[in-house]
Amino acid sequence: MATEIGSPPRFFHMPRFQHQAPRQLFYKRPDFAQQQAMQQLTFDGKRMRKAVNRKTIDYNPSVIKYLENRIWQRDQRDMRAIQPDAGYYNDLVPPIGMLNNPMNAVTTKFVRTSTNKVKCPVFVVRWTPEGRRLVTGASSGEFTLWNGLTFNFETILQAHDSPVRAMTWSHNDMWMLTADHGGYVKYWQSNMNNVKMFQAHKEAIREARFIHNIPFSVVPIVMVKLFSKCILGAEMHGLCQFLGNFLQTIKYFSTTFLKTSLLLTFSVM
Numbered sequence: 001m002a003t004e005i006g007s008p009p010r011f012f013h014m015p016r017f018q019h020q021a022p023r024q025l026f027y028k029r030p031d032f033a034q035q036q037a038m039q040q041l042t043f044d045g046k047r048m049r050k051a052v053n054r055k056t057i058d059y060n061p062s063v064i065k066y067l068e069n070r071i072w073q074r075d076q077r078d079m080r081a082i083q084p085d086a087g088y089y090n091d092l093v094p095p096i097g098m099l100n101n102p103m104n105a106v107t108t109k110f111v112r113t114s115t116n117k118v119k120c121p122v123f124v125v126r127w128t129p130e131g132r133r134l135v136t137g138a139s140s141g142e143f144t145l146w147n148g149l150t151f152n153f154e155t156i157l158q159a160h161d162s163p164v165r166a167m168t169w170s171h172n173d174m175w176m177l178t179a180d181h182g183g184y185v186k187y188w189q190s191n192m193n194n195v196k197m198f199q200a201h202k203e204a205i206r207e208a209r210f211i212h213n214i215p216f217s218v219v220p221i222v223m224v225k226l227f228s229k230c231i232l233g234a235e236m237h238g239l240c241q242f243l244g245n246f247l248q249t250i251k252y253f254s255t256t257f258l259k260t261s262l263l264l265t266f267s268v269m
């Protein structure tokens with residue numbers, strides 16, 4: 001009976017020496033770790049803190065695209081169709097540039113929630129004329145300015161002693177009119193500088209507006225004088241049907257509405 005005898009395994013032996021290569025020692029300065037930590041911080045002018053990446057909604061590219069397309073687009077026939085694809089994001093324009101498609105103005109995506117340090121009800125919200133900031137009037141009588149792109153807090157201002165109920169901008173974007181629960185009306189400049197305050201009503205003011213039908217024959221100097229004196233133009237009880245005709249006869253006035261349907265008209269600039 002034949003048996004297969006294979007070759008014996010090769011002898012391989014690698015000696016294990018106890019010798020190890022010397023490690024390279026790196027000597028660190030005692031403030032080296034602190035410097036590394038400081039490099040990860042940014043200085044915002046007040047305190048050292050970590051950089052925060054804020055979510056930004058920038059509408060400027062769409063506005064620039066609209067201004068560029070307005071040169072050669074006569075009407076909706078020259079507009080290019082926007083497909084539901086991410087590659088067409090650069091072709092989006094503001095709602096004013098797509099009046100033929102009202103669905104472009106429907107807001108369906110939630111962006112952000114911002115709260116004050118001291119939580120209190122907010123009664124009125126207005127954008128600044130340039131669209132960079134958002135002004136809110138709270139029940140504490142404070143104005144809070146929020147960034148319109150990153151939605152972060154910018155500054156807070158104690159404007160009224162009672163809750164702010166009404167806020168509106170003039171049509172020339174130079175004046176802001178605010179009214180509070182105590183019946184006081186204040187005039188503000190665009191830099192949030194208070195220039196005038198007077199008590200227009202004895203009760204809470206719910207709404208305030210600037211009348212826009214202004215004739216060009218009005219002398220500006222006389223109107224500025226009336227604006228500084230806050231002269232009462234007219235007083236009406238109840239909202240009548242001829243209110244529109246009445247406002248057309250009284251030019252360049254601001255109106256304030258009370259809870260009791262009392263309408264007071266004041267001369268402004």
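Numbering (the UniProt record's numbering) for the sequence shown: 1 to 269. Here a beta-carbon is modelled for each residue, glycine too, at the ideal position from N, C-alpha and C. Remember, it's a predicted structure, so these values are computed and weren't measured experimentally.
- In summary, residue 141 is buried, with 16 or more beta-carbon neighbours lying within 10 Å of its beta-carbon over all protein chains present.
- For residue 57, same chain residues with a beta-carbon under 7 Å away, outside a window of 5 residues either side, are 111, 149 in chain order.
- For residue 116, the closest of 202, 188, 143, 53 by C-alpha to C-alpha distance is 143.
- Taking C-beta atoms as the reference points, residue 189 and residue 197 fail to come closer than 9 Å.
- Residue 205 sits close to residue 166, with the two beta carbons spaced by under 9 Å.
- Pairing residue 92 with residue 67, the inter-Cα distance amounts to about 12 Å.
- A buried status is given to residue 164, since no fewer than 16 other beta-carbon atoms sit within 10 Å of its beta-carbon.
- Nearest C-alpha to residue 183 among 83, 121, 208: 208.
- In the three-state scheme derived from DSSP, where H, G and I count as helix and E and B as strand, residue 67 is classed as helix.
- Only residues of its own chain outside the window of five on either side were considered, and among them 112, 114 have a CB closer than 6 Å to the CB of residue 151, listed in chain order.
- In this structure, residue 122 and residue 136 form a Cβ contact; the two beta carbons are roughly 5 Å apart against a cut-off of 8 Å.
- Between the alpha carbons of residue 180 and residue 126 lies a gap of roughly 15 Å.
- For residue 103, the three-state secondary structure derived from DSSP is helix.
- If you keep only unbroken alpha helix (DSSP H) runs of at least 4 residues inside the segment 162-202, you get nothing at all.
- Contact between residue 186 and residue 194 is confirmed by a C-beta separation of about 6 Å, below the 8 Å threshold.
- If you ignore the 5 residues before and after residue 129, its C-beta comes within less than 8 Å of the C-beta of 169, 173, 190, all in its own chain and listed in chain order.
- Scanning its chain for C-beta atoms nearer than 8 Å, with the 5 sequence neighbours on each side dropped, one finds around residue 94 the residues 59, 62, 63, 66, in chain order.
- For residue 56, there is no enclosing beta strand (DSSP E), as DSSP marks it with neither H nor E.
- If you look at residue 155, you'll find it in the beta strand (DSSP E) that goes 153-158.
- By the CB criterion at 9 Å, residue 69 and residue 97 fall inside the cutoff.
- Closest in alpha carbon position to residue 131, among 161, 145, 124, is 145.
- Burial of residue 201 is indicated by the presence of at least 16 other C-beta atoms within 10 angstroms of its C-beta.
- Under DSSP, residue 147 shares a beta bridge with 133.
- DSSP lists 135 as the beta-bridge partner residues of residue 126.
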